[in-house]
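Trainee: Chains as they are written, first to last, in this note's numbering: chain A, 1 to 396; chain B, 397 to 951.
The beta-carbon is built from N, C-alpha and C at its ideal position, and this holds for glycine as well.
Take a look at this one; I'll ask things after.
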Amino acid sequence: MGDLVTLSSNSLYLAFILYLLATFFFAGTIRDKRSEGSKTFSSKIAITLTIIGFASQIFYFITRWIVSGHAPVSNLFEYTTFFGMMLVFAFIIIYFIYRLNILGLFALPVALLIIAYASMFPTEISPLVPSLKSHWLYIHVTTVSLGQAILAVSFVAGLIYLIKEIDQSKKSKKTTWLEIIIYSIFTTLGFIIISSTFNAMDYSVTFEFPYDDQVSTVDYHLPPIAGPSGATLVSDNDVSPLFEAPGWMQGVNAARKFNTILWSVIAGLGLYVIARVVLRKRVGAAIQPLLSKVNRDLLDEVSYRAVAIGFPIFTLGGLIFAMIWAQQAWDRFWGWDPKEVWALITFFFYAAFLHLRLSRGWHGERSAWLAVGGFAIIMFNLIAVNLIIAGLHSYA
Amino acid sequence: MKKIVCDSCGHQNPEGTVLCQQCGKPIDQNQYIDGNENSKLINMRYEGSARRSKTHNKSIVDKTWNFFSSVKIGIWLISITIIASAVGTIFPQEMYIPPNVSASEHYRDQYGILGQIYYQLGFHNLYSSWWYMILIALIGISITIASIDRVVPLYKALNMQKPKRHESFLKRQRLFSSTEQVSEDDKQKAITTLKSIRYKVTEEDGHVLAEKGRFSRWGPYINHIGLIIFLLGCLFRFIPFMYIDEYVWVREGETVLIPGTEGLYYIENKDFILETYGDSPEDERFKEALQKQGGMVAKNYQTDAVIYKNTNPSALGLDPELEKFKEDSIRVNHPIKFDDFALYQSSYQQNEFESMSFKLHRTDDPEEESLGSFSVNLANPENEYILDNGTRVVIDQYFPDYYLDDGEPRSKSKYPRNPAYVFLVYPPGQDDYEISFAGIGRNVDPTGNNEFKLGLQDFEVRDVTGLSVRRDYTLPIISLGGLIFMIGVVQGMYWQHRRIWLHPKNNGLWIAAHTNKNWFGIKRDIEKVINDTNIKMVMDQEEDQNNYQPEEQTK
Ligand code: HEM
Chain A
1 MGDLVTLSSN
11 SLYLAFILYL
21 LATFFFAGTI
31 RDKRSEGSKT
41 FSSKIAITLT
51 IIGFASQIFY
61 FITRWIVSGH
71 APVSNLFEYT
81 TFFGMMLVFA
91 FIIIYFIYRL
101 NILGLFALPV
111 ALLIIAYASM
121 FPTEISPLVP
131 SLKSHWLYIH
141 VTTVSLGQAI
151 LAVSFVAGLI
161 YLIKEIDQSK
171 KSKKTTWLEI
181 IIYSIFTTLG
191 FIIISSTFNA
201 MDYSVTFEFP
211 YDDQVSTVDY
221 HLPPIAGPSG
231 ATLVSDNDVS
241 PLFEAPGWMQ
251 GVNAARKFNT
261 ILWSVIAGLG
271 LYVIARVVLR
281 KRVGAAIQPL
291 LSKVNRDLLD
301 EVSYRAVAIG
311 FPIFTLGGLI
321 FAMIWAQQAW
331 DRFWGWDPKE
341 VWALITFFFY
351 AAFLHLRLSR
361 GWHGERSAWL
371 AVGGFAIIMF
381 NLIAVNLIIA
391 GLHSYA
Chain B
397 MKKIVCDSCG
407 HQNPEGTVLC
417 QQCGKPIDQN
427 QYIDGNENSK
437 LINMRYEGSA
447 RRSKTHNKSI
457 VDKTWNFFSS
467 VKIGIWLISI
477 TIIASAVGTI
487 FPQEMYIPPN
497 VSASEHYRDQ
507 YGILGQIYYQ
517 LGFHNLYSSW
527 WYMILIALIG
537 ISITIASIDR
547 VVPLYKALNM
557 QKPKRHESFL
567 KRQRLFSSTE
577 QVSEDDKQKA
587 ITTLKSIRYK
597 VTEEDGHVLA
607 EKGRFSRWGP
617 YINHIGLIIF
627 LLGCLFRFIP
637 FMYIDEYVWV
647 REGETVLIPG
657 TEGLYYIENK
667 DFILETYGDS
677 PEDERFKEAL
687 QKQGGMVAKN
697 YQTDAVIYKN
707 TNPSALGLDP
717 ELEKFKEDSI
727 RVNHPIKFDD
737 FALYQSSYQQ
747 NEFESMSFKL
757 HRTDDPEEES
767 LGSFSVNLAN
777 PENEYILDNG
787 TRVVIDQYFP
797 DYYLDDGEPR
807 SKSKYPRNPA
817 YVFLVYPPGQ
827 DDYEISFAGI
837 GRNVDPTGNN
847 EFKLGLQDFE
857 VRDVTGLSVR
867 RDYTLPIISL
877 GGLIFMIGVV
887 QGMYWQHRRI
897 WLHPKNNGLW
907 IAAHTNKNWF
917 GIKRDIEKVI
927 NDTNIKMVMD
937 QEEDQNNYQP
947 EEQTK
C-alpha cells in the first residue's frame, strides 16, 4: 500500500515537470516565423508532452483512488489538483479545435500554479465524513471542475486578448487593471515560494491564545507578522509578531490565515517589483510584443467558445448534480450555503456574459474582461469561500 | 394589421419587419429597429422579424411588455441578483448561526457594528426576504416575455425563407465572396460537398440555400421554458399539500407517530449507531490525517428503523393498529422512503437519560442505609412518589437540561440531557417538607439542616435520533425544469445554425454565409465546399470593418 502512495505522488511530480517542459516548447513556438495555428516541430513536441503529462496525472489520480478507496476529490489538496488536471484536459480539447499554440503558453502555467498551490495544503489521504459518502461526490465534483476548467480556458484566452490589445503607450485604467490581474498571479506564485521555503526549513511557531472562553493553540508555519490577539509564545523560537490580527476575524485559525495572506501579498509585491525593475516597463507592456502574431479574433472566438462549452457542463455539475446530491445528503436540494450561493453567482454571471455578447454585442475586449471576471468568481469560490467564509462545504 | 409589401419579391410582411421574410431585402423605413442604418452588415439576430416589442408602444400593456422583453433589463435584473446574493454571504445567514442564541445579539457580538447593520437591514435572512423573491420573480417574468416576443416571429421568418435572396441581403452578410467566373461543374461540386457534410440543400432557379442545425435556434427558448418550470416548481412549495417538512426525534426502543402523515405512519427506532474512524484495520490508511485532526471523525450515522402503517387511522392516534410496513437503516445519503415520504438522518443525541432512580437515607447515616427508593421515568415523570416507608416525594421543579444562569437554575432544552430536580420530601405522616435539590453529581441541601437526603442510585441512558420528514411533490416539477433547461442549453450551445447561400451572378457566383455562433466552424465548412473549385473563399467583413452594431442601442 505504501509503495502505491509513493508511486502515486511521484506521478503527480512527473506530470508537473512535463507540463513545465511543455510550456517551454510552447514558448518556442512564438519565435516561429510561420503564423499561429500551424503545426510546427516545437508545437508538436509541446502538445505531446502535455498529453503525456496529463496521462501521468491520470495515473496519480487512479492510484490514489485505489489507495484511499474513494475518488481523490475530497479535500482542498485533492480537489484543487484535480481542477489543475481538468484545466490541462480542457486546454487539450480546445487546442485540438483551434490549434492555438499561444494558449498553451498561458494555460499550462496557470495549471502549474494551481497544482503547486494545491500541494501547499495537507496532502495526506483523509477519510470521508458521512455526507461525502456517495457516488454523487465524484459525479458532482468531476463535472463541476471540468466545467470550471473550460471556463478557465476562456479566461486564459481573454487574458491573452487583453495583453495583446490594450493600448500600452500610456498608463490608463485598463493597463492598471491588467497589472492587477498579473499581480494577483504573482501573489499566488509568492505564496507558493514562501510556503515551500519555510516548509523545507521545517519552520514552526506555536502560540496559545484565548478563544471562545478557552485556551487554543495554533501552529504557524510562516514567521508571524500578525499573531492571534492576546497570544503567548509556547514554542522555543525567539520571535514575536509585529502586530495582532484584528479582533473581528472569526475562527480559531483566522489569525494564521491572515498571516499567510499577508505573506503572499508581500511576496507577490516583491516579485512584481523585481519584474518591473528588470523589465523597466509594465509587465503587460513587456509581454505584448510577443503576441503580435496572434489573431485576436481567433482569441475572442476561443474565449467565447470555451464559455459556450463550459457553461452547460458547469450548470450540470455545479447546480443540477449538486442539487440532486444535496437533496439526498441533507434533505434539501438548496440551502443557501455560501458555496452554493457562489455557484449560483457563477451561473448568473455567465448567463449575463452570454446575453451581453449575444444581444448587446459585447465582443472582443469587453467580452475578454468578462471572461476574466468570471474566472475571478470561480477562484473566489474555490479558495476564498473555503478558507474565509466557512460553510457546510468547507474542506479546510 | 397593416402589411408591408416587399418591393422586390412582393411578399406581404407584418408591420415592423426589418428584413423581408422571404427574400431578406432590407425594408428601408424599419432599419433603425435593428440598428442597421449606419452599418455595412445587417443584424441577423432575429432574422429581421417583426417583434411586438418593436412595434407597439402606446398602452401601458405595451410599455410593460417592452420593458420586460428588453435583454438589457434582463441583464440588469441578473446583475442586481448577483450583487444581492453575494451580500448574503458576507456573514452567515440566520439558519447557520448557533441555535438558542438570539440573532440580534449574535450579529452584534460576533461582527460588531457591521454585523448589527447587517442584521437590522434583514440581510441575515436575505434569501427569503420579499425583495429577493421579487427579484427572482422579475427575472422569471422577463424570461417569459422576452422569449414570447422573439420566438414566434423568429419561427415564422425561418419557415418562410426562400433560397433566392435579395442581393443587398447577401452582400451585407458577415461572410461573403463574389467570384467572376464559376463553371456549372464547380457549382455542382460545391453542392455535393455541402450535402456530404450534412447540409440540407434547397434550390430555386439555380439559387441555393444550404442549411444545418436550425433546431439549435430553439435552444434558448427551450432552456428558458425549463427555467420557468423550475421557478414554478419552487413557487409550489408554498402550497402546504405540495410540501411537507417536519422533524421527529425518536428514542431507542420507542415507536412514535411520524408527523405530517396524518396518523398513518409510525416509526420505531431499534438502534442508533454512531461509528467513527480508526476502529477498523482498513482505516490504517487514514492514520496520519486522523492524528492531525485530533478529535473523532464520524464515519457513519445510522438509525435502524421500522416503519409501521396504522390500519386503524380513523381513531387518529387513539388506538392505532400498527402493521409492519418497512424495515431499513437510515443513513446520511441513504434516506428511507415509503409512500412518497422520505426520512433523513439529520441529527442525534447520545446518552439521553431514560430513567433515574434515587434512594432516601438519613443525612447523618454514614452507611447511607436505604429507607426506600423510587425511579423516575424521564419520558413521563410523575408528580409524586410514595416510598416503602411511607415517605412522600413530590417533584416541585424539573430541569431536563439543567444549567445555572446567573445563579438561577434553568433548562437549556426540554430534552433530558442533564436532568435535575427540586424535590419536596414529606416524611411519613407529616405535612411539613424538606427541600432537596438533586441532579447528576450534585445534591444540594438549601437549608443545611435536612434530616433526609436523596441520593442518585442508578440511571439508564439511550440514544435519540433526529430525523427530518419530507414529502415533496414539487421535486418532479423542479427536476423536469432542470432537465428541460439542460436540453435547451446543450441544444443551443453545442449545435449552431449555419446557412450558406449560393447565388449565381452572370457567369459567376456569390457566396454568403451566416451562423449564429462559431464562425470558425462555418469558415472551415466553406473551405471544404470551395476546395478544388475556383470559387473564392469568403471574406470576414466584420474582421475588416469591426462595425458591429448591437441590438437595442438606444434603449
Ligand atoms: C438566469 C437566467 C437565464 C439563463 C440561465 C438564460 C440562459 C440563456 C442562454 C443559455 C441563452 C443562449 C445564449 C447563446 O446562445 O449564446 C439565452 C438566450 C437568450 N435569453 Fe436568456 N437566460 C436567462 C435569463 C434571461 C432573461 C432574464 C432574459 C430577458 C430579457 C433572457 C432573454 C434571452 C434572449 C432574448 C435570448 C436570445 C434568444 C435568441 O437567440 O433568439 N434570458 N438565455
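Using a Cβ cut-off of 8 Å, pull out every chain B residue sitting near Glu301(A), in sequence order please.
Mentor: Asn914, Trp915, Phe916
Trainee: How would you call Ile479(B), buried or exposed, if buried means at least 16 neighbouring beta carbons within 10 angstroms?
Mentor: When all chains shown are included, Ile479(B) counts as exposed.
Trainee: Please work out which residues of its chain come closer than 7 Å, Cβ to Cβ, to Phe198(A), disregarding the five sequence neighbours upstream and downstream, and give them in chain order.
Mentor: Counting only Cβ-Cβ distances below 7 Å, and skipping sequence neighbours, we find His221, Leu222.
Trainee: Given 8 Å as the limit, is there contact between the segment 47-59 of chain A and the segment 69-80 of chain A, that is, 3 or more CB pairs closer than that?
Mentor: At 8 Å Cβ cutoff, the stretches do not touch.
Trainee: Please list the segments of the beta strand (DSSP E) lying wholly inside the segment 510-596 of chain B, counting only runs of 3 or more residues, in order along the chain.
Mentor: List check, beta strand (DSSP E) in window: 571-575.
Trainee: Please work out which residues of its chain come closer than 7 Å, Cβ to Cβ, to Phe321(A), disregarding the five sequence neighbours upstream and downstream, and give them in chain order.
Mentor: Trp136, Ile139, His140, Thr143, listed in sequence order.
Trainee: For Gly484(B) and chain A, any beta-carbon pair shorter than 8 Å?
Mentor: yes
Trainee: Please identify the residue among Val790(B), Glu765(B), Pro815(B) whose C-alpha is closest to the C-alpha of Glu748(B).
Mentor: Residue nearest to Glu748(B) within the set Val790(B), Glu765(B), Pro815(B) is Pro815(B) (criterion: CA-CA distance).
Trainee: By the 9 Å beta-carbon criterion, what residues does the segment 90-105 of chain A contribute toward chain D?
Mentor: Absence of chain D from the displayed structure is noted, the protein chains being A and B.
Trainee: For chain A, is any of its Cβ atoms less than 8 Å away from the one on Val597(B)?
Mentor: no
Trainee: Please list the segments of the alpha helix (DSSP H) lying wholly inside the segment 92-152 of chain A, counting only runs of 4 or more residues, in order along the chain.
Mentor: 101-118
Trainee: Using a Cβ cut-off of 9 Å, pull out every chain B residue sitting near Ser131(A), in sequence order please.
Mentor: For Ser131(A), the residues of chain B that pass the 9 Å Cβ criterion are Val728, Asn729, in the order they occur in the chain.
Trainee: Assuming Gly862(B) is part of the beta strand (DSSP E), what are its boundary residues?
Mentor: DSSP places Gly862(B) in the uninterrupted beta strand (DSSP E) bounded by 848-868.
Trainee: So if DSSP puts Met752(B) in a beta bridge, which residue, or which two residues, is it bridged to?
Mentor: Val772(B), Phe855(B)
Trainee: Please confirm whether Leu820(B) and Val790(B) have their CB atoms less than 8 Å apart.
Mentor: yes
Trainee: Enumerate in chain order the residues of its own chain whose CB-to-CB distance from Ile926(B) is below 8 Å, with the five nearest sequence positions on each side excluded.
Mentor: Ala586, Ile907, Lys932, Met933
Trainee: Look up Ile734(B) in the DSSP assignment and give the residues it is bridged to.
Mentor: The sequence shown places Phe at residue 734(B), not Ile. DSSP, once it has assigned bridges, lists Phe737(B) as partnering Phe734(B).
Trainee: Among the candidates Gln892(B), Ser543(B), Cys405(B), whose CA atom is the shortest distance from the CA of Ile621(B)?
Mentor: Nearest to Ile621(B) by C-alpha distance, out of Gln892(B), Ser543(B), Cys405(B), is Ser543(B).
Trainee: So Leu245(A) packs on Gly268(A), CB below 8 Å; how close in whole Å?
Mentor: Per the sequence shown, the amino acid found at residue 245(A) is Ala instead of Leu. Cβ atoms of Ala245(A) and Gly268(A) stay farther apart than 8 Å, at about 20 Å.
Trainee: Tell me whether Asn619(B) counts as near the ligand HEM, meaning its Cβ is closer than 7 Å to at least one heavy atom of that ligand.
Mentor: At least one heavy atom of the ligand HEM is nearer than 7 Å to the Cβ of Asn619(B), so yes.
Trainee: Which runs of the alpha helix (DSSP H) at least 4 residues long sit entirely within the segment 412-469 of chain B? Give them in chain order.
Mentor: 448-451, 456-465
Trainee: Can you check which of these residues, Trp325(A), Ile94(A), Ile194(A), is closest to Asp202(A) by C-alpha distance?
Mentor: Across the set Trp325(A), Ile94(A), Ile194(A), the C-alpha of Ile194(A) shows the shortest separation from the C-alpha of Asp202(A).
Trainee: At least one CB of chain B closer than 8 Å to the CB of Gln214(A): is that the case?
Mentor: no
Trainee: Could you please give me the residues that DSSP links to Ser216(A) through a beta bridge?
Mentor: Beta-bridge pairing links Ser216(A) to Phe209(A).
Trainee: Against chain B, with Cβ distances strictly below 8 Å, would Tyr395(A) count as a contact?
Mentor: In this predicted model, Tyr395(A) has a pLDDT of only 43, less than 50, meaning its place in the structure is not dependable; the value taken from the coordinates is given anyway. With 8 Å as the cut-off, Tyr395(A) does not count as an interface residue toward chain B.
Trainee: Just the C-alpha distance for Glu947(B) and Arg357(A), rounded to the nearest angstrom, thanks.
Mentor: Bear in mind that a pLDDT of 38 at Glu947(B), under 50, signals an unreliable position, so the model cannot answer this.
Trainee: Can you tell me whether Val467(B) sits near the ligand HEM, meaning its C-beta is under 7 Å from at least one heavy atom of the ligand?
Mentor: yes
Trainee: Using a C-beta to C-beta distance shorter than 9 Å, which residues of chain A count as neighbours of Gly412(B)?
Mentor: Here the premise fails: no neighbours, minimum Cβ distance about 18 Å.
Trainee: Counting along the chain, where does the beta strand (DSSP E) carrying Thr911(B) start and finish?
Mentor: 904-911 is the span of the beta strand (DSSP E), which, as asked, contains Thr911(B).
Trainee: Could you pull the start and end residues of the alpha helix (DSSP H) that Val67(A) belongs to?
Mentor: 41-68
Trainee: Quick one: grab the DSSP three-state call for Gln489(B).
Mentor: coil
Trainee: What do you reckon, are the CB atoms on Tyr161(A) and Leu299(A) nearer than 8 Å?
Mentor: It is a contact, given that the beta carbons lie within the stated cut-off.
Trainee: Against chain B, does Ala255(A) count as a neighbour if the rule is that its beta carbon must be under 8 Å from one of theirs?
Mentor: no
Trainee: I need the DSSP call for Leu18(A), collapsed to helix, strand or coil.
Mentor: helix
Trainee: Is Gly629(B) near the ligand HEM, with its Cβ less than 7 Å from a heavy atom?
Mentor: no
Trainee: Would you be able to state if there are at least three C-beta pairs under 8 Å between the segment 748-759 of chain B and the segment 805-813 of chain B?
Mentor: yes
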